[in-house]
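Peer 1:
Chains as they are written, first to last, in the numbering used here: chain A, 14 to 207; chain B, 82 to 317.
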């Protein structure tokens, strides 16, 4: 996809977002065909997220089911909440996966390494490309933070780490971690709004 | 150790970052339950706070940009469709909600439902029970749905189950929609099956059935063999 160049990618990204929005509107009306279409276009992305958060295939498959059931049930509420459609879908996938992970408490040693996650070799033509310039901006702004703070943000989002987990990992008390992280979040906000 | 887990949901006044940092913590899932409740209580009435949440959700979603795509196994979509389309009739409220509510009211609900998704505070639901009685075998089983643990349990009270057979638990929704396979029945112990969110609403008045599945039958919509026992789920 990268070979297509940034401009083309950005355009496909926007067109794809519009199409996803359209599919969500149809799903809100109970259109099963649109639901299958949305699934075929977005499930590799969302399953990737479930697998990354849960690092266990069976749990990720269960979480993915819950994700699409939530989408089916709540699609009528999408339009009002101000999210871009992919963010809405990603947020559902991430939140449900984190919820599963906190509930099941499978020891980390039993979870897959990143290398074991069997990523698709090449994204298919139907895989949605989200706009990469925004992602580049986030990456750059995270790089401006002290490295341990940037990784706290990432592990809160992708591993569902809590303040208590972060405090344990860093060996400082919870309120200190929280103060650090909130300062870093302000710094991140300042960088993102530049 | 004191931490953010206080009961009031309030925040120590000396923490930096105000609502901006608080919104980011909310999106990252770092707030305690009490704080989440307090935060969500403010959301519907405070558009600026909603905008902060959307802002952070948009940016943090970009963290997943480096997560590789993985195509899920084909069976997953089939399972989703069984769970999602089990009830073929679309509830009336779903048809009306997009039109009946103004954007503002819809926004308030959307925030309550979408952002508070991890903490759905549904009204208390009753326990449901079904006596599963077989015609000729003298077999009696009890099915019990516990809303607290969101589990369907089936236990054998009287009689013998046929040995060496594959027994399957089914839910037939009261709406008349296609039967939903819930999983195998363990012959000698309590069978406990976690019930997915989307199915719970179909449970009141649904029929629970135990079928004997034929070993070589092609999977279809419903039991492949005879139904041994059945009963209707109702509160007691």
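Where a beta carbon is used, it is the ideal one built from N, C-alpha and C, also for glycine.
Who are the near neighbours of residue 89 of chain A in its chain, counting only those whose CB is closer than 6 Å to its CB and skipping five residues on each side?
Peer 2: Contacts found: 41.
Peer 1: Determine the burial state of residue 108 of chain A: buried for a count of at least 16 other Cβ atoms within 10 Å of its Cβ, exposed for fewer.
Peer 2: Classification of residue 108 of chain A: buried, given that the 10 Å Cβ count is 16 or more.
Peer 1: Give the residues of chain A in contact with residue 97 of chain B, contact being defined as C-beta atoms less than 8 Å apart.
Peer 2: Within chain A, the residues near residue 97 of chain B are 192, 195, 196, 199.
Peer 1: Applying a beta-carbon distance threshold of less than 7 Å, which residues of chain B neighbour residue 185 of chain A?
Peer 2: In chain order: nothing, as chain B lies at least about 12 Å away.
Peer 1: Distance, Cα to Cα, residue 264 of chain B vs residue 167 of chain A?
Peer 2: Their backbone Cα atoms lie some 37 Å apart in a straight line.
Peer 1: Regarding residue 138 of chain B and the ligand GTP, is the C-beta to nearest heavy atom distance less than 8 Å?
Peer 2: Questions concerning the ligand GTP fall outside what the structure shown contains, since it holds no ligand whatsoever.
Peer 1: Using the three-state DSSP reduction, which class does residue 222 of chain B fall into: helix, strand or coil?
Peer 2: It is a strand residue.
Peer 1: What residues of chain A sit near residue 164 of chain B, judged by a beta carbon separation below 8 Å?
Peer 2: Within 8 Å Cβ-Cβ: 78, 82.
Peer 1: Under a Cβ-count criterion, where at least 16 other Cβ atoms within 10 Å of its own Cβ denotes burial, should residue 245 of chain B be classed as buried or exposed?
Peer 2: Exposed.
Peer 1: Around the Cβ of residue 208 of chain B, are there at least 16 other Cβ atoms within 10 angstroms (buried) or fewer (exposed)?
Peer 2: So residue 208 of chain B counts as exposed.
Peer 1: So, are the CB atoms of residue 108 of chain B and residue 175 of chain A less than 9 Å apart?
Peer 2: Contact: no.
Peer 1: For residue 193 of chain A, which residues from the same chain have a beta carbon less than 7 Å from its beta carbon, with the 5 sequence-adjacent residues on both sides left out?
Peer 2: Same-chain partners within the cutoff: 162.
Peer 1: With a CB to CB cut of under 7 Å and the five nearest residues on each side skipped, what residues in its chain are close to residue 105 of chain B?
Peer 2: These residues qualify, in order along the chain: 137.
Peer 1: Spell out whether any CB of chain B is found under 9 Å from the CB atom of residue 117 of chain A.
Peer 2: No, no contact with chain B.
Peer 1: Check for me: the alpha helix (DSSP H) holding residue 99 of chain A runs from which residue to which?
Peer 2: It spans 98 to 117 - the alpha helix (DSSP H) in which residue 99 of chain A sits, taken as one unbroken run.
Peer 1: Could you have a look at residue 307 of chain B and say whether DSSP puts it in helix, strand or coil?
Peer 2: Residue 307 of chain B falls in the coil class under three-state DSSP.
Peer 1: 9 Å is my cut-off, CB to CB: does residue 161 of chain A come that close to chain B?
Peer 2: Chain B, which has no Cβ nearer than 9 Å to the Cβ of residue 161 of chain A, makes this no.
Peer 1: Taking 9 Å as the CB-CB cut-off, is residue 130 of chain B touching chain A?
Peer 2: Output row for residue 130 of chain B: interface = no.
Peer 1: Please report the residue range of the beta strand (DSSP E) in which residue 249 of chain B lies.
Peer 2: 247 to 253 is the span of the beta strand (DSSP E), which, as asked, contains residue 249 of chain B.
Peer 1: Is it right to say residue 186 of chain A is buried, meaning 16 or more other beta carbons lie within 10 angstroms of its own, or is it exposed?
Peer 2: Looking at its Cβ environment, which holds fewer than 16 other Cβ atoms inside 10 Å, residue 186 of chain A is exposed.
Peer 1: Can you tell me whether residue 239 of chain B is buried or exposed, with buried defined as 16 or more other CB within 10 angstroms of its CB?
Peer 2: By the 10 Å Cβ count, residue 239 of chain B comes out exposed.
Peer 1: Go through the segment 88 to 126 of chain B residue by residue and report every complete run of the alpha helix (DSSP H) that reaches 4 residues or more, in order.
Peer 2: The segment 88 to 126 of chain B contains these whole alpha helix (DSSP H) runs: 99 to 109, 114 to 124.
Peer 1: Under 8 Å Cβ to Cβ from residue 190 of chain A, same chain only, skipping five residues before and after it: list those, please.
Peer 2: Cβ within range, chain order: 165, 176, 179, 180, 183.
Peer 1: Chain B partners of residue 86 of chain A, CB-CB under 7 Å?
Peer 2: Ordered by position in chain B, the residues that pass the 7 Å Cβ test against residue 86 of chain A are 279.
Peer 1: State yes or no: is the C-beta of residue 314 of chain B within less than 9 Å of the C-beta of residue 215 of chain B?
Peer 2: Their beta carbons are not under 9 Å apart, which means residue 314 of chain B does not touch residue 215 of chain B by this criterion.
Peer 1: Output yes if chain B places a C-beta closer than 9 Å to the C-beta of residue 167 of chain A; else output no.
Peer 2: Chain B, which has a Cβ nearer than 9 Å to the Cβ of residue 167 of chain A, makes this yes.
Peer 1: Compute the distance between the beta-carbons of residue 150 of chain A and residue 99 of chain A, then report whether it is under 9 Å.
Peer 2: Going by C-beta atoms, residue 150 of chain A is not nearer than 9 Å to residue 99 of chain A.
Peer 1: Please confirm whether residue 181 of chain A has its beta-carbon closer than 9 Å to some beta-carbon of chain B.
Peer 2: Not an interface residue.
Peer 1: Indicate whether residue 259 of chain B and residue 283 of chain B have their beta-carbon atoms separated by less than 9 Å.
Peer 2: No.
Peer 1: For the segment 230 to 286 of chain B, list the beta strand (DSSP E) runs that are entirely contained and at least 3 residues long, ordered along the chain.
Peer 2: The qualifying runs are 232 to 239, 247 to 253, 261 to 265, 272 to 275.
Peer 1: Can the beta-carbon of residue 223 of chain B be found less than 9 Å from the beta-carbon of residue 235 of chain B?
Peer 2: In contact: residue 223 of chain B and residue 235 of chain B (Cβ atoms closer than 9 Å).
Peer 1: CA-CA distance, residue 196 of chain A and residue 148 of chain A?
Peer 2: Using only the alpha carbons, I get a separation of about 21 Å.
Peer 1: Any Cβ of chain B within less than 9 Å of the Cβ of residue 32 of chain A?
Peer 2: With 9 Å as the cut-off, residue 32 of chain A does not count as an interface residue toward chain B.
Peer 1: My output table needs one value for residue 41 of chain A: the three-state DSSP class, helix, strand or coil.
Peer 2: It is helical.
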